[in-house]
Amino acid sequence: MRFVVITAFLVAWQANIALPQHVSQNNDAALQYFLNNPFFADFFESRGYDACFMFAIVAPELWRYNAIRDKAETLSLQVLYVEAGSEYGNFSIGRFQMKPDFAEYAEKYVATSKHLQQLFPEIIAYKAETEREIRRERMGRLSSDKWQCLYLALFYEIIANRFPEKKFVNTAEKLMFYASAYNYGLDADDNKITAWSHQQAFPVGPSGRKTAYASLALEYYEKSKLTDACKL
Amino acid sequence: MKKITTFVVLAAIVASSAFAQLQSTKVYTLLPEEIIYHDENSLLGTFSGNSGFWLMISGPEGGKLIENSNIIPIENPEYTAIYDNMRTPLIKNGKYYHQVKDKEYGPYESAYNIFVTKNGQFGFQYQQNEKSYLNINGNIFGPYDDCMFWDIDDNGGFAYWYYINKTYTFKIGNKEFGPFDDIDSYSLRYFNSNTFAFTYMKGDLRFCNINGTEFGPYSYVVIQHFTPQGKYLVKFKSSSDNKEYVNATGKVYGPYNSVESYASTIHENGKFAFSYIDEGKLYYNFDGSIKGPFDSYYGKHVYLSNGNTAYYAPTNKQNYMVVNNISYGPYDEIDSYTLNLTESGYFAFSFKRNKMKYLMINGTEYGPYNLTHGVLTNNKGNSMFWYTSDDKQYINVNGKVLGPLESIGNCTLNEEGNYTADYWKNSKAWCNFNGTEYGPFDEAYSYYIGETPVIMGLMPGKQSYDMSFSYDYANFKIIFSKNMKHKMELSYAYDYVVINGNKVGDSPGFSGVFDESSQSFKWFSLKGRDIIMNTYKL
Numbered sequence: 093m094r095f096v097v098i099t100a101f102l103v104a105w106q107a108n109i110a111l112p113q114h115v116s117q118n119n120d121a122a123l124q125y126f127l128n129n130p131f132f133a134d135f136f137e138s139r140g141y142d143a144c145f146m147f148a149i150v151a152p153e154l155w156r157y158n159a160i161r162d163k164a165e166t167l168s169l170q171v172l173y174v175e176a177g178s179e180y181g182n183f184s185i186g187r188f189q190m191k192p193d194f195a196e197y198a199e200k201y202v203a204t205s206k207h208l209q210q211l212f213p214e215i216i217a218y219k220a221e222t223e224r225e226i227r228r229e230r231m232g233r234l235s236s237d238k239w240q241c242l243y244l245a246l247f248y249e250i251i252a253n254r255f256p257e258k259k260f261v262n263t264a265e266k267l268m269f270y271a272s273a274y275n276y277g278l279d280a281d282d283n284k285i286t287a288w289s290h291q292q293a294f295p296v297g298p299s300g301r302k303t304a305y306a307s308l309a310l311e312y313y314e315k316s317k318l319t320d321a322c323k324l
Numbered sequence: 256m257k258k259i260t261t262f263v264v265l266a267a268i269v270a271s272s273a274f275a276q277l278q279s280t281k282v283y284t285l286l287p288e289e290i291i292y293h294d295e296n297s298l299l300g301t302f303s304g305n306s307g308f309w310l311m312i313s314g315p316e317g318g319k320l321i322e323n324s325n326i327i328p329i330e331n332p333e334y335t336a337i338y339d340n341m342r343t344p345l346i347k348n349g350k351y352y353h354q355v356k357d358k359e360y361g362p363y364e365s366a367y368n369i370f371v372t373k374n375g376q377f378g379f380q381y382q383q384n385e386k387s388y389l390n391i392n393g394n395i396f397g398p399y400d401d402c403m404f405w406d407i408d409d410n411g412g413f414a415y416w417y418y419i420n421k422t423y424t425f426k427i428g429n430k431e432f433g434p435f436d437d438i439d440s441y442s443l444r445y446f447n448s449n450t451f452a453f454t455y456m457k458g459d460l461r462f463c464n465i466n467g468t469e470f471g472p473y474s475y476v477v478i479q480h481f482t483p484q485g486k487y488l489v490k491f492k493s494s495s496d497n498k499e500y501v502n503a504t505g506k507v508y509g510p511y512n513s514v515e516s517y518a519s520t521i522h523e524n525g526k527f528a529f530s531y532i533d534e535g536k537l538y539y540n541f542d543g544s545i546k547g548p549f550d551s552y553y554g555k556h557v558y559l560s561n562g563n564t565a566y567y568a569p570t571n572k573q574n575y576m577v578v579n580n581i582s583y584g585p586y587d588e589i590d591s592y593t594l595n596l597t598e599s600g601y602f603a604f605s606f607k608r609n610k611m612k613y614l615m616i617n618g619t620e621y622g623p624y625n626l627t628h629g630v631l632t633n634n635k636g637n638s639m640f641w642y643t644s645d646d647k648q649y650i651n652v653n654g655k656v657l658g659p660l661e662s663i664g665n666c667t668l669n670e671e672g673n674y675t676a677d678y679w680k681n682s683k684a685w686c687n688f689n690g691t692e693y694g695p696f697d698e699a700y701s702y703y704i705g706e707t708p709v710i711m712g713l714m715p716g717k718q719s720y721d722m723s724f725s726y727d728y729a730n731f732k733i734i735f736s737k738n739m740k741h742k743m744e745l746s747y748a749y750d751y752v753v754i755n756g757n758k759v760g761d762s763p764g765f766s767g768v769f770d771e772s773s774q775s776f777k778w779f780s781l782k783g784r785d786i787i788m789n790t791y792k793l
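For the protein sequence lines, the chains are Y and L, in the order given. Last residue of the first sequence: 324 in the working numbering, with the numbers rising by one and none dropped. Last residue of the second sequence: 793 in the working numbering, with the numbers rising by one and none dropped.
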């Protein structure tokens, strides 16, 4: 346990010190966006979640969303996904850069859990009836901040449900794990998620420099805790 | 009865003419497990030229390049690049190929750095048996231990350097320069066989070669500017007195304590400007004419455009901007990086006075504002700036004010005076092209693909658009013709595309473009596993 505490501290320290300035500025922009758009805090708090923790999981994606949106041509991929199905489901859209196959996995998981069905009745309540129309409706959902927040809350519950015995020494370590799971894959096992928290694989600038997604999320979270909105 | 007959006939004519404008052609049928290749955010494939297109397919048997009626096997779509008249590199069975103008070259161990001019001159480099070679218009150069192909011009002239026997040589057309002990490999500038420049080392001493003439030795040399007309500005440090100098197309200025690295400029007509520091004071040299001394300052602060000049002139801790010899100021601060100076002499910059922000545009002062966010000018004297006043934001285009707005995104102004602006108003997103607003959207931003204006974003369902679905939102893309008289809307939420307000086809479209030469919209669609290319002629 002592090792885990030291590791968590070291990673947190690295997050504060080692990130280049422009990356830190990206987190400033994400925090500003969170503070300027109270919808996100209202949504998560109304459902009993720590809004600052939840937003930290996806904060690095906001920068990516802004950085690529002029270059991305996701509309074509959305059309292909609706028309041809899940073989085109591995692309990212929306502010939290969610993938259709992430949503599909989450929906299937809800279908196996009565507890999650009670928590998220709207997730599996599609108006559409055919598979194609359901994919189209799913695209509509993932285009909306409200639905992305709902899928993020569902993601949180699925991780908690998949790893019920998992203990975290502090919130920072928990965030590292959840952020890594969000970035790596909802269906990954514990070892892969933990290893991914230290993997410098998330691009953070035009030079091709990469850093660990979880360290970005943690840096954001620690910054957010200095604001009135996120003070403990 | 006669009226009904007439109506039926007219309706049939309208329907047939609408169909006549749409041509749909099957271009490929995807095999089981094959998909149209894409990365995480984009579909790689497009229409090119007047009637061509290409798409890449990936599947269990490898990749395919679908190009018009050709199906070209490729190993890895991820590493295959498609340009106007070249395909590079094509990888088949682990070997590399270049395809230029329908002719394929290879197989090679690796192939890269390909250039093809508009009139078809080409060159590329490749590796065989761990040696580097170049193929320039079919002629083979090499073997070398290493080389870098740099450029080729419309006349077949070319430039590259090669490394052999631990020395470097530049090859400019048929002339060779070297061998040298070392080179600055990225210093090479090339326009044609008579207009080129590069830097290199002999022992510890540095040299540069401009248009075939050697200059040096120096302890330091950098080619700061080099124009297609062969005009240049070279900064160097003398090895004898350790002072810095500037060579401006043959005229040497100096010695100076230091020449600012990023504060120099040269015009195609040969007029130049640079700044330097001497005894702690800032000076400018405009074509040999000295301005100064001024308070020392670091940053980009000297501008030259055609015969027009502008420079930042901090004096006795007061801030001035001098444009075409007229001094503006004093100000508390000048945002010198905001200066626009056009070829025709129109200019703009922002400054601060008594804690408020202002803009100086072509000699007229605008303000006070709480904040200024950006200013644009063009050669016709048009101007556009955006600012915050009393917590609201505004856009001023040629004196006409747009606002109040909640926030402003990207703004553009081109040489014709056309402008775009993305902003939020009444909690909705809008895009404005030359005064015509498009929206409201939940999110939207405008940009250009080449000369084609595009709006992309998020629209609320059930509003403004004929949405045959009941979801909250839908991503959309609107592609305009250059003159903006025609537009095509694409969304996965449609079972068709919308052209000038009319539904066209029976499938949602992707990879849409407007082709100016044929005055038609083009896009792909899927029918089952068939990829359909659609052309709608206006």
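Don't be surprised by glycine CBs; every beta carbon is placed ideally from N, CA and C.
Rounded C-alpha distance that separates residue i from residue j
i	j	result
Tyr445/L	Ala452/L	7 angstroms
Asn449/L	Leu596/L	31 angstroms
Ile478/L	Lys421/L	25 angstroms
Gln484/L	Asn390/L	28 angstroms
Ala321/Y	Lys607/L	33 angstroms
Gln573/L	Asp646/L	29 angstroms
Thr372/L	Gly428/L	16 angstroms
Pro763/L	Glu229/Y	14 angstroms
Pro295/Y	Phe188/Y	16 angstroms
Gly525/L	Asp408/L	23 angstroms
Lys492/L	Pro130/Y	57 angstroms
Phe145/Y	Leu242/Y	15 angstroms
Glu670/L	Asn755/L	27 angstroms
Tyr313/Y	Ala304/Y	14 angstroms
Leu310/L	Leu169/Y	13 angstroms
Gly349/L	Glu330/L	8 angstroms
Glu499/L	His556/L	20 angstroms
Ile185/Y	Asp294/L	13 angstroms
Gly361/L	Glu322/L	20 angstroms
Lys219/Y	Arg233/Y	12 angstroms
Cβ-based burial, residue i [other Cβ within 10 Å; buried from 16]
i	result
Val656/L	exposed
Leu172/Y	buried
Asp496/L	exposed
Ser605/L	buried
Leu308/Y	buried
Glu692/L	exposed
Leu154/Y	buried
Arg224/Y	exposed
Residues of its chain near residue i, where Cβ-Cβ distance is below 8 angstroms and the 5 sequence neighbours each way are ignored
i	result
Phe260/Y	Lys266 and Phe269
Lys740/L	none
Gln648/L	His628, Trp641, Tyr642, Gly658, Pro659, Leu660, Glu661, Ser662, Ile663 and Tyr678
Asp193/Y	Ser178, Gly181 and Asn182
Glu137/Y	Ala143
Sequence-distant residues of its chain with Cβ nearer than 7 angstroms to residue i (five each side left out)
i	result
Leu286/L	Gly314
Ala280/Y	Ala273
Gly672/L	Asn633, Lys635 and Asn637
Cys402/L	Gln380, Ser387, Leu389, Tyr415, Trp416, Tyr417 and Tyr418
Ala306/Y	Met268, Ala271, Ser272 and Ser289
Chain-order list of residues whose beta-carbon lies under 6 angstroms from that of residue i (same chain, five-residue window excluded)
i	result
Val282/L	Ile786 and Met788
Asp400/L	Tyr418 and Ile419
Ala676/L	Ile650, Cys666 and Asn687
Ala325/Y	Nothing can be reported for residue 325/Y: it is not among the residues displayed for chain Y, which extend from 93 to 324.
Proximity test, Cβ basis, 9 angstroms: residue i and chain A
i	result
Asn275/Y	No chain A is present in this structure, whose protein chains are Y and L.
The ligand SAH heavy atom lying under 8 angstroms from the CB of residue i
i	result
Lys315/Y	For the structure depicted, the ligand SAH is absent and the ligand set is empty, with no information on it obtainable.
Expected contact under 8 angstroms - CB spacing of residue i and residue j to nearest Å
i	j	result
Ala528/L	Leu559/L	5 angstroms
Starting from the N-terminal side, write out each stretch of the alpha helix (DSSP H) that is 4 residues or longer and does not extend beyond the stretch 113-198 of chain Y.
-> Listed in chain order, the alpha helix (DSSP H) elements of length 4 or more contained wholly in the stretch 113-198 of chain Y are 113-128, 131-138, 143-160 and 166-176.
Run through the stretch 211-291 of chain Y for me and flag every whole beta strand (DSSP E) of 3 or more residues, listed as ranges in chain order.
-> If only complete runs of 3 or more residues are kept, the stretch 211-291 of chain Y shows no beta strand (DSSP E) anywhere.
Tell me the start and end of each unbroken beta strand (DSSP E) in the stretch 287-374 of chain L that is at least 3 residues and wholly inside, in chain order.
-> Segments of the beta strand (DSSP E) lying fully in the stretch 287-374 of chain L: 300-303, 307-314, 317-322, 325-329, 336-338, 341-347, 350-355, 358-363 and 365-371.
In chain order, which beta strand (DSSP E) runs of at least 3 residues are fully inside the stretch 655-730 of chain L?
-> Taking only runs of at least 3 residues, the beta strand (DSSP E) segments lying wholly in the stretch 655-730 of chain L are 655-660, 662-668, 674-680, 683-688, 691-696, 698-704 and 707-715.
Entirely within the stretch 493-536 of chain L and at least 3 residues each: give me those beta strand (DSSP E) ranges in chain order.
-> Listed in chain order, the beta strand (DSSP E) elements of length 3 or more contained wholly in the stretch 493-536 of chain L are 499-503, 506-511, 513-521 and 527-533.
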